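So the sequence shown is numbered by the working numbering: it starts at 6 and just counts up by one. Beta carbons: idealized from backbone N, C-alpha and C, even for Gly. Note that the structure is a prediction, hence the values are computed from the model and not measured. Take a look at the structure set out below.
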Amino acid sequence: MADGVTRMRRAVFFLQNKFENTAVKQLKTAVLNFYSIEVIMDAKQQLVDDVDVLKSAAELSLKFPHIARMRAGEGLVSEVDDMILTFLNENKFLCELPKYVANMALIICQLCEC
6 MADGVTRMRR
16 AVFFLQNKFE
26 NTAVKQLKTA
36 VLNFYSIEVI
46 MDAKQQLVDD
56 VDVLKSAAEL
66 SLKFPHIARM
76 RAGEGLVSEV
86 DDMILTFLNE
96 NKFLCELPKY
106 VANMALIICQ
116 LCEC
């Protein structure tokens, strides 16, 4: 799937680029503090769609976790939890995702190096 495919989703771009070198808790906090609910929900929807494509191409023996498209009443933290790429990383699927991009550097979350 990753062959030349790009998606304009700045929250997933941030997660995809920081995931391997940053603690999950720090990533979740950064995303929740920086991005609006609309941006997070849009990014999650795109990620769910892209994971669905990976599922259809994966081995039948591999059990993908269920990611709900919408979680009523559970709050934004659940949405960010679903977006964390741990499962994909553990099963070597991160490189199979499309390349996510952001069109403006000013709207990309920055991590505090404190």
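>> Pop quiz: Val17 and Tyr105 are said to be a contact at Cβ under 8 angstroms. What is the actual Cβ separation, rounded to whole angstroms?
In response: 4 angstroms
> Lys33 to Met13, Cα distance in whole Å?
Replying inline: 20 angstroms
>> Can you check which of these residues, Ala62, Val56, Val82, is closest to Pro70 by C-alpha distance?
In response: Considering only alpha carbons, the answer is Val56.
>> Determine whether the beta carbon atoms of Asn96 and Arg15 lie at a separation below 9 angstroms.
In response: Taking 9 angstroms as the Cβ cut-off, Asn96 and Arg15 do not qualify as a contacting pair.
> Roughly how many angstroms lie between the CA atoms of Glu43 and Lys49, to the nearest whole one?
Replying inline: 10 angstroms
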